[in-house]
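Before any comments, here is the structure.
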Amino acid sequence: ARDETSTGPQPSSTGYLDRQQPATRGSLRVDVATAVDIHLQDTTVQKIRLVAEGPLSLKKPVHVILMERSFLGQLGVFLVPGVIDSDCQGPIYALLYTLTPPVFISAGTRIAQFIP
Numbered sequence: 070a071r072d073e074t075s076t077g078p079q080p081s082s083t084g085y086l087d088r089q090q091p092a093t094r095g096s097l098r099v100d101v102a103t104a105v106d107i108h109l110q111d112t113t114v115q116k117i118r119l120v121a122e123g124p125l126s127l128k129k130p131v132h133v134i135l136m137e138r139s140f141l142g143q144l145g146v147f148l149v150p151g152v153i154d155s156d157c158q159g160p161i162y163a164l165l166y167t168l169t170p171p172v173f174i175s176a177g178t179r180i181a182q183f184i185p
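Written out as structure tokens, the structure is:
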């Protein structure tokens, strides 16, 4: 069952993307880091909380695709891509799995990007 994403904490005066800048001048969009340490002990898909929260923007309707950074591939970790809609409220999660456990990733590691 899908978790409800349209309820949560009251939004701040700006959305998450309104407060972020691309990681480098050539970046397509904003890098997203993990909010927690990740311990992939088996091959099952795990729901991992990211530092990003909705709403993405209060300036205009925005939706993005969550895509993995190449760093994850080097670890043998896969991110299930997903669309984050403009009505998303509260914490944003990534779905991760590996075929070669165990894998550990520290909290704060940039594992994904929001692609417009």
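Everything in the sequence shown is counted per my numbering, starting at 70 for the first residue and increasing by one. We put the beta carbon where it would ideally sit given N, CA and C, even for glycine.
Original post:
Leaving out five residues before and five after I184 in sequence, what residues of the same chain have Cβ atoms less than 7 Å from its Cβ?
Top reply: On the sequence shown, residue 184 is found 115 positions in, with the first residue counted as 1. Same-chain partners within the cutoff: L97, R98, V133, I134 and M136.
Subject >> Check: S175 C-beta below 7 Å from any heavy atom of the ligand GDP >> reply: Inclusion of the ligand GDP in the displayed structure is not the case, the ligand content being empty and no account of it being possible.
Original post:
Which value, in whole angstroms, describes the spacing of the CA atoms of V114 and L168?
Top reply: Within the sequence shown, numbered from 1, the residue matching residue 114 stands at position 45. Within the sequence shown, numbered from 1, the residue matching residue 168 stands at position 99. When rounded, the distance between both Cα atoms is 10 Å.
Subject >> Residues bridged to K116 [DSSP beta-bridge criterion] >> reply: Sequence index remark: in the sequence shown, residue 116 carries index 47 (1-based). L164, per the DSSP bridge assignment.
**OP:** Taking L125 as part of the beta strand (DSSP E), name the residues at either end of that continuous run.
**Re:** On the sequence shown, position 56 is the one that residue 125 refers to. L125 -> no beta strand (DSSP E), and no H or E assigned at all.
Original post:
What's the C-alpha gap between I174 and Y162?
Top reply: Here residue 174 refers to the residue found at position 105 when the sequence shown is read from its first residue. Here residue 162 refers to the residue found at position 93 when the sequence shown is read from its first residue. About 15 Å.
**OP:** Give the secondary structure of R88 by DSSP, where H, G and I count as helix, E and B as strand, and everything else as coil.
**Re:** Along the sequence shown, read from residue 1 onward, the residue named residue 88 stands at position 19. Three-state result, R88: helix.
Subject >> Distance between I153 and L37 (C-alpha atoms, nearest Å) >> reply: With the chain covering only 70 through 185, there is no way to say anything about residue 37.
**OP:** Take A176 and list the residues in its own chain whose beta-carbon comes closer than 7 Å to its own, dropping the five residues that flank it on each side.
**Re:** To locate residue 176, count along the sequence shown from 1; it is residue 107. Correct list, in chain order: T103, A104, V105 and D106.
Subject >> Per-residue burial, D156 [other beta carbons within 10 Å of its own, 16 or more giving buried] >> reply: Residue mapping note: residue 156 aligns to position 87 of the sequence shown, counting from 1. Result: exposed.
Original post:
So which of L165, P171 and G142 has the shortest CA-CA distance to G151?
Top reply: On the sequence shown, residue 151 is found 82 positions in, with the first residue counted as 1. Cα-wise, what sits closest to G151 is L165.
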